[in-house]
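What follows is a single structure, written as structure tokens, with notes after it.
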Amino acid sequence: MSDVKCNSSSQEEKEGAQSPSDLDTVFDILSDRQRRVLLQHLETDEPTTIDELVDEMSAHIEADPPQISIALHQKHLPKMAETELLDYDPRSETVRYYGHRFLDEVLDYTASEDLCDE
1 MSDVKCNSSS QEEKEGAQSP SDLDTVFDIL SDRQRRVLLQ HLETDEPTTI DELVDEMSAH
61 IEADPPQISI ALHQKHLPKM AETELLDYDP RSETVRYYGH RFLDEVLDYT ASEDLCDE
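1 is the number of the first residue of the sequence shown in the UniProt record's numbering; add one for each residue after it.
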């Protein structure tokens, strides 16, 4: 018989496998089209301002810029900052996305689907 070890720090996890709760978070974040558009813009890994995000999102979403700004400030950015996917500084109105391997892969796939919906 071979010894099978059930260790939470397996090699697969060390290489970036996602836990179920992590997957739930990713799918929750990606379930909203505005957040997908936001993430597509943030993939550059450069800090950006809320104004830049509003401009980018208004080109892809049927909403007025003030509505987009409110949604970013009150809903999307705090939710994503809570999951530690990004840093959001409300005082300087800057955002920096850190990246997430699985989320980025799914986002790449959904980007082509979202563009077809426009």
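For glycine and all other residues, C-beta sits at the position ideal for the given N, C-alpha and C.
Legend entry - Within 8 Å, strictly: CB atoms of L30 and L103: As a first step, residue 30 must be located in the sequence shown, where it is residue number 30. As a first step, residue 103 must be located in the sequence shown, where it is residue number 103. Taking 8 Å as the Cβ cut-off, L30 and L103 qualify as a contacting pair.
Legend entry - 8 Å Cβ cutoff met for P65 and R96: Translated into positions along the sequence shown, residue 65 becomes position 65. Translated into positions along the sequence shown, residue 96 becomes position 96. The answer is no: Cβ separation not under 8 Å.
Inset, instruction - Pick out whichever of E82, L72, D108 has its Cα sitting closest to the Cα of R35. - result: Taking the sequence shown and counting its residues from 1, the one referred to as residue 35 is at position 35. Closest by alpha carbon: L72.
Legend entry - Where Y98 falls, given that 16 or more other Cβ within 10 Å makes a residue buried: Here the question's residue 98 lines up with position 98 in the sequence shown. It is exposed - the Cβ of Y98 has fewer than 16 other Cβ atoms within 10 Å.
Inset, instruction - Starting from L86, follow the alpha helix (DSSP H) in both directions and report where the run begins and ends. - result: Counting from 1 along the sequence shown, the entry for residue 86 is found at position 86. Not the alpha helix (DSSP H): L86 falls in the beta strand (DSSP E), residues 86-89.
Inset, instruction - Can you tell me the Cβ-Cβ gap for I50 and S69, rounded? I've got them flagged as a contact below 8 Å. - result: Position 50 of the sequence shown, counted from the start, is the residue given in the question as residue 50. Position 69 of the sequence shown, counted from the start, is the residue given in the question as residue 69. Contact holds; Cβ gap of about 7 Å.
Legend entry - 7 Å Cβ shell around L53 - same chain, five flanking residues per side excluded: Taking the sequence shown and counting its residues from 1, one reaches residue 53 at position 53. For L53, where only same-chain residues beyond five positions count, the Cβ hits under 7 Å are L38, H41, L72, V95.
Inset, instruction - State buried or exposed for Y109, treating a residue as buried only when at least 16 other CB atoms are found within 10 Å of its CB. - result: Position 109 of the sequence shown, counting from 1, holds the residue named residue 109. So Y109 ends up on the exposed side.
Legend entry - Coil, strand or helix - T98 by DSSP: In the sequence shown, counting from the first residue as 1, residue 98 sits at position 98. Rather than Thr, the amino acid found at residue 98 in this sequence is Tyr. Y98: coil per DSSP, three-state reduction.
Inset, instruction - Mind checking which residues open and close the alpha helix (DSSP H) that includes I70? - result: Indexing the sequence shown from 1 puts residue 70 at position 70. It spans 65-71 - the alpha helix (DSSP H) in which I70 sits, taken as one unbroken run.
Legend entry - Reduced DSSP category for T83 - H, G, I as helix; E, B as strand; rest coil: In the sequence shown, residue 83 corresponds to position 83, counting from 1. Residue state, collapsed to three classes: coil.
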